[in-house]
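Protein sequence lines, in the order shown, are assigned to chains A and B. Under our numbering, residues 1 to 172 are what the first sequence spells out, in order. Under our numbering, residues 1001 to 1151 are what the second sequence spells out, in order. Beta carbons are placed, not taken as given, at the ideal position from N, Cα and C, and that holds for glycine. Reviewing the structure listed below.
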Amino acid sequence: MLNERQLITVLQHGLPLISRPYAAIAEQIGSTEQEVMEYITAMQARGDIKRFGVVVRHRNLGYQANAMVVWNIPDDRVDELGGCFGKFEFVNLSYRRPRRLPDWPYNLFCMIHGHDRDDVLRNLAQMIDSCHVGDMPHAILFSTHCYKQRGAVYIHDQINGNDHLTNKSDIA
Amino acid sequence: MMEALHSLDKKIINSLQGGFPLCEKPWDVLSQQLDIPADEIMSRIERLMQDGYISRFGPMYNAEKLGGGLTLAAMKVPPNRFDEVTDCVNAFDEVAHNYQRDHIFNMWFVLATEKPEQIKQIIKKIEKQTGLLVYNMPKKEEYFLGLKFEV
């Protein structure tokens, strides 16, 4: 029987770069290659695994600038506009979050990447034009420094008996 | 930095951001799709990881669905205390990313915990240690998660 917790723990270290990676994973957790593949498929279908593949470090790939653009959108239009923002390929996430009044009036957050700041601003202008949000209050928060970039969730590693820092998710 | 990437590296990165085949010999499938020998794909990925272009090869989990806690938090840090507060916040293992941004809310970090209730505990600890308010802004709705970078 496959232990799902064990599979999650082993997979968080990444897939081994060998000819039959799923067989190797299966061997580590006392399961079969077929079962491992079925479980991963099921976890993807359920949304427990958002994506399966490579995770890039965008700063090293020439995407030097990113801005978090935050909007104060009437509650009854957040879904519509959040969906509109999310359609652009330069928008990497579009989330609804709670306002923290009176200090923080913004309830829709999107992350826009670009090769430099001008590129980000051009993308934003295109998005504003296309989604007709020119009159919506918003703020542009460029990142000036990245102090820490790693996933960090503890999962107890039942295989090795150690706690490992893991990369459960790269963004909140 | 982009210039250092071979066209085959770009091809591999662009393809693998979209997913990885789930079959007994995934590299052979990929090899056919990309028209690159399987051994070469693997060795290129290994090098891309070593050189820091790729941080990980495997699953991106949905922490909440797996029972973990995840949130985005922000602070208004007085500029003269920024370094000190950064050190304090980053000392927590639960802090995944920490970005400085040009706004009165100038510190933005992601908290990821094994259990959801730990988020509030960590926030309280940070507030106590820094004497500053931490604004918790958990995701309420997700409209898109692309995170695919064409190279």
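Counted as a single uninterrupted DSSP element, the beta strand (DSSP E) harbouring Tyr-95 (chain A) occupies residues 91–96. Using a CB distance cut-off of 8 Å, Cys-131 (chain A) does not count as an interface residue toward chain B.
Under the DSSP assignment, Val-1134 (chain B) falls outside any alpha helix (DSSP H); it carries neither an H nor an E label. Gln-28 (chain A) and Ile-40 (chain A) have their C-alpha atoms spaced approximately 15 Å apart. Inclusion of Asn-1098 (chain B) and Val-1089 (chain B) in the CB contact set at 8 Å is warranted, their separation being smaller than that value. With fewer than 16 other beta carbons inside 10 angstroms of its own, Glu-1117 (chain B) counts as exposed. Going by DSSP, Cys-110 (chain A) is part of the beta strand (DSSP E) stretching over 108–114. Using a C-beta cut-off of 8 Å, the region 36–54 of chain A makes no contact with the region 73–88 of chain A, since fewer than three inter-stretch Cβ pairs fall below that distance. Of the other Cβ atoms in all chains shown, fewer than 16 fall within 10 Å of the Cβ of Leu-101 (chain A); this residue is therefore exposed.
Contact annotation: Asn-1062 (chain B) and Gly-47 (chain A) have beta-carbon atoms nearer than 8 Å.
Taken through DSSP and simplified to helix, strand or coil, Leu-1048 (chain B) comes out as helix. For Phe-1109 (chain B), the enclosing beta strand (DSSP E) stretches over residues 1107–1113.
Secondary structure note for Gly-53 (chain A): its beta strand (DSSP E) is the uninterrupted segment 49–56. In this structure, Tyr-147 (chain A) lies near Thr-1086 (chain B), with their beta-carbon atoms less than 8 Å apart.
One alpha carbon belongs to Leu-1132 (chain B), the other to Glu-1114 (chain B), and they sit about 25 Å apart. Looking from the CA of Ser-1055 (chain B), the closest CA among B:Ile-1126, B:Thr-1130, B:Leu-1016 belongs to B:Leu-1016.
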